[in-house]
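Data first, discussion second: the structure below is written as structure tokens.
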Amino acid sequence: MVNGPVRVRFCPSPTGNPHVGLVRTALFNWAFARHHGGTLVFRIEDTDAARDSEESYGQLLEAMRWLGLDWDEGPEVGGPHAPYRQSQRMDTYAEVARKLLDAGHAYHCYCTTEELDARREAARAAGKPSGYDGHCRDLSAEQKAGYEAEGRAAIVRFRMPDEPITFTDLVRGELTFTPENVPDYGIVRANGAPLYTLVNPVDDALMEITHVLRGEDLLSSTPRQVALYKALIELGVAKAVPEFGHLPYVMGEGNKKLSKRDPQASLNLYRERGFLREGLLNYLSLLGWSFSADQDVFSVEDMVATFEIADVNANPARFDLKKAESINGDHIRMMDVKAFADACTPWLRAPHAPWAPADFDQAAWEAIAPHAQTRLTVLSDITANVDFLFLPEPVFDQPSWDKAMKGDSAALLATAREKLEAADWSSADSLKEAVLAAGEVHGLKLGKAQAPVRVAVTGRTVGLPLFESLEVLGKERTLARIDAALGRLSA
Ligand code: GLU
Ligand code: ZN
347 MVNGPVRVRF CPSPTGNPHV GLVRTALFNW AFARHHGGTL VFRIEDTDAA
397 RDSEESYGQL LEAMRWLGLD WDEGPEVGGP HAPYRQSQRM DTYAEVARKL
447 LDAGHAYHCY CTTEELDARR EAARAAGKPS GYDGHCRDLS AEQKAGYEAE
497 GRAAIVRFRM PDEPITFTDL VRGELTFTPE NVPDYGIVRA NGAPLYTLVN
547 PVDDALMEIT HVLRGEDLLS STPRQVALYK ALIELGVAKA VPEFGHLPYV
597 MGEGNKKLSK RDPQASLNLY RERGFLREGL LNYLSLLGWS FSADQDVFSV
647 EDMVATFEIA DVNANPARFD LKKAESINGD HIRMMDVKAF ADACTPWLRA
697 PHAPWAPADF DQAAWEAIAP HAQTRLTVLS DITANVDFLF LPEPVFDQPS
747 WDKAMKGDSA ALLATAREKL EAADWSSADS LKEAVLAAGE VHGLKLGKAQ
797 APVRVAVTGR TVGLPLFESL EVLGKERTLA RIDAALGRLS A
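Numbering-wise, the sequence shown is residues 347 to 837 according to our numbering.
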């Protein structure tokens, strides 16, 4: 149920390249905000100086812009809760940590790593819960002074309530976590650096986030955050506990969780291969959600109109590259031809194009583009599909040549050349008739008869519709290529 204004957030850490899991989270938050006429806050969780980078920060912004996932508050946009980079909000976290300590919701923990490890081992051996055992919960002033005299540095630990935490996940329904499973946890390092466990819910509180939609990997931090939120409400820092919805895992190859380090997970890969923004968003929206039982292809606007968090499925979603490509192909088909031709431009130029820039022929491209649009699944495939038009010679694919140029291919090609020479070159139909007639002479159906012609002219057995390709290439060049192939065959 959604009552009142919606405020959601997308709050990645700027580490590494944007990956599809991150984009799926951004998309669901964006669609939820747009569906409810709410606000999307874009926050950068850059409190880990060792892992965060400016390069990654730049890539995140650029990725969101390319995807068209606009944000209402955040970097470059500003907003009432600025700054939106956590590295610029350190004073706020120190102040909240201080308040939590003063109110007894948090305490200093002096345990060393070795001590914690030893006690964890002992608890395990005794078959007891092995989380933090509360050792420093109620230290006396003398005990603290003693530890400090030893020169121990303390971390700040949040005191979990001694009662179960229950919340209703928007995707998974009611969930309860018992205290043994959610021990007191660190919120500030010994060197004073605040941790994710503190800064994330504090900012959600201060930025008045109403719904936290994020990956299932973060589910275990939710009971901690719910408890922290309740303390923040008591301290007047937070107004209400937000609702939480955990998006299902995305499984990759071999039914293993898709890791952000998996090359298949990198957003850049999809951009380089020529996925359309619409195609990629359409596909990613299906990772845990569905538009309708019988329709997989839809626009971003239709997704926004239909998206309900209650319809998100808790079961793991499977990442399927073939399906992603096929959906992208459907979106390519839906473009108007001019937009398609423009979108292909990067792949018709250096460094992708193998032809000399001067050999590119805009009129030929415009003539072939509508035929290419019916075939492609990703835009990067355009280069190999039209190279025969702009290279002086086709690039011969050896397996294609071996497959098409056997038996009496030479005789067929010679007949086809004759018929093509006499054909009407202003009509692809007439060229088809010519090859059909050549096939008849040799007892071959059209499919068999056109294969050697296609390989002679384009270098490959598969490609764009052949007769339209020949028409665009032109009579002179087509016949010259057939002659060259005949020469190769007789050599
Ligand atoms: N910065 C966290 C991450 O990227 C955000 C997690 C959350 O949405 O709470 O994993
Ligand atoms: Zn301790």
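Beta carbons are placed, not taken as given, at the ideal position from N, Cα and C, and that holds for glycine. Quick caveat: nothing in here was measured; it's all calculated off a predicted structure.
- prompt: Is the beta carbon of V683 less than 9 Å from the beta carbon of L735?
  reply: no
task: Starting from R435, follow its DSSP beta bridges and name the residues at the other end.
output: Beta-bridge pairing links R435 to no other residue.
field: Straight-line Cα distance separating N674 from M680
entry: 10 Å
field: Exposure of E624, with buried meaning 16 or more beta-carbon neighbours within 10 Å
entry: buried
- prompt: Cβ of H481 within 8 Å of any heavy atom in ligand 2?
  reply: yes
query: Do three or more CB pairs link the stretch 713-729 to the stretch 754-773 at distances below 8 Å?
result: no
query: Could you name the residues, in chain order, whose CB is less than 6 Å away from a heavy atom belonging to ligand 1?
result: C357, P358, S359, E391, N546, R560, L564
query: If we ignore side chains and look at the alpha-carbon of each, how far apart do S755 and L630 end up?
result: 46 Å
task: Quick one: residues in its chain with C-beta nearer than 7 Å to the C-beta of L627, no 5 flanking neighbours on either side, listed in chain order?
output: L373, L413, V646
- request: Please work out which residues of its chain come closer than 7 Å, Cβ to Cβ, to H427, disregarding the five sequence neighbours upstream and downstream, and give them in chain order.
  value: E419, L552, M553
- prompt: Cβ atoms of S359 and E401: under 9 Å apart, would you say?
  reply: no
query: So, A468 versus P475, is the Cβ gap smaller than 9 Å?
result: no
message: Is Y531 near ligand 2 - that is, is its Cβ less than 8 Å away from at least one heavy atom of it?
response: no
task: Would you decide whether D733 is buried or exposed? Buried here means 16 or more other CB atoms lie within 10 Å of its CB.
output: buried
message: I need the DSSP call for Y430, collapsed to helix, strand or coil.
response: coil
- prompt: Is it true that the CB of R355 sits closer than 9 Å to the CB of V387?
  reply: yes
Reduced DSSP secondary structure (H/G/I, E/B, other) of D515: strand
Proximal residues to L782 (C-beta, below 6 Å), its chain only, five neighbours per side dropped: L792
- prompt: What whole-angstrom Cβ distance do L766 and T807 have, given they're in contact under 8 Å?
  reply: 19 Å between Cβ atoms; not a contact.
task: Determine which residues share a DSSP beta bridge with P540 and list them.
output: V534
query: Curious, which full-length alpha helix (DSSP H) runs of at least 4 residues does the stretch 640-700 contain?
result: 646-652, 667-680, 683-690
field: Exposure label - P507; buried when at least 16 CB within 10 Å
entry: exposed
message: Rounded to the nearest angstrom, what separates K490 and V502 at their Cα positions?
response: 13 Å
Neighbour-count burial assignment, A670, 16 or more Cβ in a 10 Å radius: buried
Continuous alpha helix (DSSP H) assignments of at least 4 residues falling wholly in the stretch 580-641: 613-618, 623-631
Bridge partner(s) assigned by DSSP for H454: V502
task: With DSSP collapsed to three states, give me the class of E496.
output: coil
Residue environment, Q744, which counts as buried when at least 16 other CB atoms sit within 10 Å: exposed
message: By the DSSP assignment, the alpha helix (DSSP H) with R411 in it spans what residues?
response: 400-413
- request: List the residues that DSSP assigns as beta-bridge partners of T385.
  value: R353
- prompt: Is A695 buried or exposed, if buried means 16 or more other CB atoms sit within 10 Å of its CB?
  reply: Strictly speaking, residue 695 in this sequence is Arg, with Ala absent from that position. Exposed: under 16 other Cβ atoms inside 10 Å.
- request: List the endpoints of the continuous alpha helix (DSSP H) containing R823.
  value: 821-836
message: Considering only their Cβ atoms, is the gap separating A795 from G809 smaller than 9 Å?
response: no
query: What first and last residue would you give for the beta strand (DSSP E) that runs through H557?
result: 557-561
query: Would the stretch 536-555 and the stretch 565-577 be scored as touching if the rule is three or more Cβ pairs under 8 Å?
result: yes
- request: Taking only heavy atoms of ligand 2 into account, decide whether any of them is closer than 8 Å to the Cβ of R466.
  value: no
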